[in-house]
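First up is the structure itself, then whatever we jot down about it.
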């Protein structure tokens, strides 16, 4: 399988087959954009205050003075969201004819909680899950938890889908998880309680990330090296951003959360016919010893591209290795040797921190100055030039400096946001959007970089586990935003500092620019400090020498019969 790319070179780089796969897989990512970010609107908290029942029988003047004023973090006075003056006291004063502010100093009146519920402003939303189940004041902890439960589902989906995809195939996992995402989003519309909504939201999260990762890996393995870079850093990501940009448009037109979710499920039904147009990965089939199926897919692709496939696509050594005894791999193999262990741990840390930055900035758009719809659209639209930058960096620059620079840019912009004086909200919003630009570009680079570092036999599991590790960050991201309730500048300081540090840490990863995709664990690049040692040197292997060296020598001799079998063989320490 080491010359897999050479074996399928007859297909060309950009024929009808590659164009179809590219376009359809990109389309499959559009629902991920509006499903993953829908909580920005369906879980937003509109302005609210304690409800004064209409039947409370108090004068209009006392009704206007029934809510106390409070000072927020910026020093602005506003009506209290969680308390009111005791209603029985106000009734007595109103019935006695006292005038608030003249006869009575209302600031000295006793307070009570919102015993009759809340009155929500409907200027922006008709309803959200917050207004539906009163997730405010003493219950406001449930709001960030809703997002975290979704990302717990994403974490679970990342863990399961990667191993299932490596075991049963990329295509079947792609379509099953697309169905899970669509069906359970539809069921969410009929949620009877916050607990029921969260349980369904967890399952939607499982399907959402599994779909994206499966499409990403399938495209990486089906497309040629040049097109693969465009697909992984630009095509799939821009499709996600397109779905993200459609979300504020839909939310602006549909202000009721149940109807909005219902509309978001409709595109999922349109993807059913794609089953007959998207093939399984021949590279994965070959790794499973299913050579005939892999060749059948490539011959159909050749007919679609109007080229002649060779009589024998995979040479006998490849077929012998593919059809021989198969070694199975699982998540434990990501920590098997010192080299792959250090690569995995470093990637997990970078993925986690980057995910905190990306989702904290994305979920925080409704808290920025100005229209929440416009802020969300700009946050989504800025991802398109970020992906374009990621593609240019990926095409012409090394992976490590590209990842480090974009993470450093995002971290610096977020870190310096808190240094702005009050009243410059538009500059603060601009810096946050620039931070989103840098982190988004890093996200795109890191997805493709991760896929390049791991071999075919572990690639989908590795990308899935890295995505799973990043969900530790996305689960905690809502609580980073929640810290703003106590100190407005604290979230940006923490997120910016962590992002800068993760950018520096990424410089330790191996460079994969210009290196063919590894097919086995032994083909992986080395982590700094994890050297390779020779196991067979100047003499031919004998019965007393390392059996693994003899087997590798035999396989390499089969691949190139004229080569001297007395070659240097190495494996990771």
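Numbering (the working numbering), first residue to last: 1280 to 1852. Heads up, the beta-carbon is just placed ideally off N, CA and C, and yes, glycines get one too.
Review point. Grouping DSSP H, G and I as helix and E and B as strand, with all else coil, what is residue 1373?
Key: helix
Check your understanding: What are the start and end residues of the alpha helix (DSSP H) that includes residue 1329?
Key -> Run containing residue 1329: none in the alpha helix (DSSP H); it sits in the beta strand (DSSP E), 1327-1329.
Exercise for review: Return helix, strand or coil for residue 1296, following the three-state DSSP convention.
Suggested key: helix
Exercise for review: With 8 Å as the threshold, decide whether the Cβ of residue 1639 is near any Cβ in chain C.
Suggested key: Going by chain labels, chain C is absent from the structure shown, which holds only one protein chain.
Review point. If you scan the stretch 1636-1698 from start to end, which runs of the alpha helix (DSSP H) of 4 or more residues do you find wholly inside it?
Key: 1651-1660, 1662-1675, 1678-1694
Review point. Grouping DSSP H, G and I as helix and E and B as strand, with all else coil, what is residue 1751?
Key: helix
Check your understanding: Do the stretch 1529-1548 and the stretch 1459-1477 meet, that is, are 3 or more Cβ pairs less than 8 Å apart?
Key -> yes
Check your understanding: Do residue 1372 and residue 1341 have their C-beta atoms within less than 8 Å of each other?
Key -> Cβ distance < 8 Å, so residue 1372 and residue 1341 count as in contact.
Check your understanding: Taking the alpha-carbon positions, what's the residue 1756 to residue 1653 distance?
Key -> 22 Å
Review point. Looking at C-alpha atoms only, which residue of 1632, 1415, 1379 is the closest neighbour of residue 1916?
Key: The structure shown does not extend to residue 1916, since the chain spans only 1280 to 1852, so no value can be given for it.
Check your understanding: Among 1753, 1623, 1577, 1556, which has the Cα closest to the Cα of residue 1291?
Key -> 1577
Review point. So what's residue 1364 in DSSP terms, helix, strand or just coil?
Key: strand
Practice item. Report the rounded CA-to-CA distance for residue 1324 versus residue 1538, giving the unit in angstroms. Key: 18 Å
Check your understanding: If you run the structure through DSSP and keep just helix, strand and coil, what is residue 1500?
Key -> DSSP, read as helix, strand or coil, puts residue 1500 in helix.
Practice item. With hydrogens ignored, establish whether the beta-carbon of residue 1711 is closer than 7 Å to any heavy atom of the ligand COA. Key: What this structure holds is no ligand at all, so the ligand COA is not there to describe.
Check your understanding: Can you list, in chain order, the residues of its chain whose CB lies under 6 Å from that of residue 1782, leaving out five sequence neighbours each side?
Key -> 1683, 1686, 1687
**Study point:** Collapsed DSSP secondary structure at residue 1420 in the structure displayed
**Key:** If DSSP states are grouped into helix, strand and coil, residue 1420 belongs with coil.
Practice item. Pick out whichever of 1297, 1363, 1337 has its Cα sitting closest to the Cα of residue 1329. Key: 1363
Review point. To the nearest angstrom, how far is it from the Cα of residue 1425 to the Cα of residue 1586?
Key: 52 Å
**Study point:** Reduced DSSP category for residue 1826 - H, G, I as helix; E, B as strand; rest coil
**Key:** Residue confidence is low: residue 1826 scores 43 on pLDDT, short of 50, so the model does not pin down where it sits. Its coordinate-derived value is still stated next. DSSP places residue 1826 in helix when its eight states are reduced to three.
Review point. How is residue 1718 classed by DSSP in three states: helix, strand or coil?
Key: It is helical.
Exercise for review: Would you mind working out which of 1618, 1640, 1366, 1738 sits nearest residue 1492, comparing C-alpha positions?
Suggested key: 1738
**Study point:** Counted within 10 angstroms of its Cβ, other Cβ atoms place residue 1618 as buried (16 or more) or exposed
**Key:** buried
Review point. If you draw a straight line from the C-alpha of residue 1393 to the C-alpha of residue 1357, how long is it?
Key: 16 Å
Check your understanding: When you compare each of 1791, 1771, 1679 to residue 1784 by their alpha carbons, which one comes out closest?
Key -> 1679
Practice item. Starting from residue 1357, follow the beta strand (DSSP E) in both directions and report where the run begins and ends. Key: 1356-1358
Exercise for review: Ignore the nearest five residues each way along the sequence and tell me which others in residue 1312's own chain have a CB closer than 8 Å to its CB.
Suggested key: 1518, 1519, 1520, 1521, 1522, 1523, 1524, 1525, 1526, 1659
**Study point:** Nearest to residue 1505 (by Cα), restricted to the options 1385, 1664, 1643, 1294
**Key:** 1294
Point to revise | Counterpart residues of residue 1392 in DSSP-defined beta bridges | key: 1362
Practice item. Put residue 1350 into one of helix, strand or coil per three-state DSSP. Key: Residue 1350 falls in the strand class under three-state DSSP.
Review point. Got a sec? Which residues, its chain only, sit under 8 Å from residue 1751 by beta carbon, not counting five neighbours each side?
Key: 1434, 1631, 1634
Check your understanding: Exposed or buried, what is residue 1490 when buried is set at 16 or more other beta-carbons lying within 10 Å of its beta-carbon?
Key -> buried
Practice item. Find the nearest neighbour of residue 1746 within the set 1288, 1381, 1441, 1414, judged by alpha-carbon distance. Key: 1441
Exercise for review: Starting from residue 1397, follow the beta strand (DSSP E) in both directions and report where the run begins and ends.
Suggested key: DSSP places residue 1397 inside the beta strand (DSSP E), whose first and last residues are 1397-1399.
Point to revise | Touching by the beta-carbon criterion (3+ pairs, under 8 Å), the stretch 1720-1738 and the stretch 1656-1671 | key: Per the Cβ contact rule, the stretch 1720-1738 is in contact with the stretch 1656-1671 (3 or more Cβ pairs under 8 Å).
Practice item. Put residue 1383 into one of helix, strand or coil per three-state DSSP. Key: Secondary structure at residue 1383: strand, using DSSP grouped into helix, strand and coil.
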